Structure formats: structure tokens, C-alpha cells
Amino acid sequence: QGYIQAFAYTDARGSYVPAAEVIERDGNFFLPGPDGEASQEMEVFQEFGKIGKSLKNSISPDEICENYGADTLRVYEMSMGPLDASRPWATKDVVGTYRFLQRVWRLVIDEKTGAERVSEHKQLDDDTLRLLHRTIAGVSDDYAALRNNTAAAKLIEYTNHLTKEGITARAALEPLVLMVAPLAPHLAEELWLRLGHDASLARGPFPEADPALLVEE
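Read in the working numbering, the sequence shown has 2 at position 2, and its numbers run on one by one without any break.
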């Protein structure tokens, strides 16, 4: 399994300094002096390495969870890249994952009223129906092969389509919630209950793609 990596910084002696305290200015990096005294700041040098205490570039999972929720952290980690490859951590990219989960939530729940937005008997147009079944097929294969990052990319594409087109049909939303569940279980479980189900989605079947809808016309 690959490492999660991040920038680390060393002083002139080669000793690591706390990455969270380093500031960037004109392409150079500095460690502020005591009480932020600019006259006592020290230039440091950037390198790249695995996250850990020894390099003083640790990221606090508790802070990420507090600011964005545990599901956001989980989805971000799963979507960073293949599990067997090292990949860089970027806190700013966590915001993108957070916004994706917000879009999933808003497809089901009206944020102003807190009421469910699902349309019970609305039919899906051909483009949405085909995209849904391509997404089911692709995500199913990705999960089976532990390609969580590409599964997340397909779910983002499908969510963006539903958001853009304003689609709230149950036939479109329920499969989305079920597919998101392995990556964001807390969010998905809550939405599944809000969609009117009494039992946990963990006990329900995963969506299955219709082979006839996977054929390109």
C-alpha cells in the first residue's frame, strides 16, 4: 500500500521544522520568529515525504473531521489515487470532496425546509437512464477491484449531471445513495432513512446495471 505524502521543511542544519507554521513568500519558505517577529524569521527548505511525526508534517484527522465530517475525510482518502501508489495530501482539495457530498445531500434534501425532494413517479430521460446504468456498471467493477478513486470520479460525474438537470426522481437518487455508501456510509445511511426505508442500506442489494442500457447507440 502506498504512502500518503506531504511537504516537509528543513532548516539550514537539515533539521525538520513544523510544516504547519511555515509561510510562503515569493516562492521561498520561512519559519516565523518568536511572536511572529519578521526580523527573526528563518528561511527553510521544502521537500516531499511521507506524513509522520519525524518529518513534522502530520495532518490531524480530528481537525479534518471536526471541520468537514468523517465521511469527507474517508471519501477524500479513498479518491486520492490507487491504494498501491503513494499520493500527495492537499488540505485544500478536501473542500472539493466536501462540496461533492453537499451536492449529494441537496439532491435528496431541501436545505431551506429540511424536507425530502424526491419525486416518486417521475420517469428518467434516456440520457440519464443510460448514464445511471453506465455508472452502476463502472462503480461495481471499481469497487470489486479496489479502485475506489475511479469509483468516486464516476459518482461525482453522475451527481453533477443530476444537479445540473435538476433531477430528483427516486429512480435516480436511490441508486446514487447505495453507490455512495461504501465511501460515505454515514451520509448514505441518513439519506436512505430519509428516503423512507426502515432497514439499513447495508442489508439491501447493490444496484445492478441493465446490459441493454450499456450498449452505445
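Each residue gets a CB set at the ideal place from its N, CA and C atoms; glycine is no exception. Quick caveat: nothing in here was measured; it's all calculated off a predicted structure.
In summary, A8 is buried, with 16 or more beta-carbon neighbours lying within 10 Å of its beta-carbon over all protein chains present.
If you look at R25, you'll find it in the beta strand (DSSP E) that goes I23 to R25.
Out of A115, A171 and L101, the CA that lies nearest to the CA of H133 is found in A171. One Cα belongs to P175, the other to L201, and the distance between them is close to 11 angstroms. Selection L173, M42 and E208 evaluated against E120 yields L173 as nearest (Cα-Cα). By the CB criterion at 7 angstroms, W89 and I4 fall inside the cutoff. Taking a C-beta distance under 7 angstroms as the contact criterion, E43 and P32 do not qualify as a contact pair. According to DSSP, residue pairing for I109 in a beta bridge involves E116. Assignment of N57 by DSSP, reduced to helix, strand and coil, places it in the coil class. CA-to-CA, the gap between T150 and P82 works out to about 9 angstroms. V215 is the residue among S15, V215 and A20 whose C-alpha sits nearest the C-alpha of D126. Remark: fewer than three beta-carbon pairs, one from each stretch, lie closer than 8 angstroms, so the stretch 45-55 and the stretch 107-114 are not flagged as touching. DSSP links V17 through a beta bridge to Y9. Every alpha helix (DSSP H) stretch that sits fully inside the stretch 138-188 and reaches 4 residues is listed by chain position as 148-165 and 170-180.
Using a Cβ distance threshold of 7 angstroms, V17 and V104 do not count as a contacting pair.
In its chain, beyond the 5 residues on either side, no residue has a beta carbon closer than 8 angstroms to the beta carbon of R25. Here DSSP, grouped into helix, strand and coil, assigns V215 to coil. For the pair L178 and P207, the CB atoms are nearer than the 7 angstroms cut-off. Put simply, of A153, V118, N57 and L107 the residue whose alpha carbon is nearest the alpha carbon of T97 is A153. Here A70 really is in contact with H186; their C-beta atoms are around 6 angstroms apart, less than 8 angstroms.
For E47, the uninterrupted beta strand (DSSP E) segment begins and ends at M42 to K50. Across the structure, P34 and S58 are spaced so that their CA atoms are roughly 22 angstroms apart.
Separation of the CB atoms of N148 and M78 is rounded to 4 angstroms, and the pair is thereby assigned contact status at 8 angstroms.
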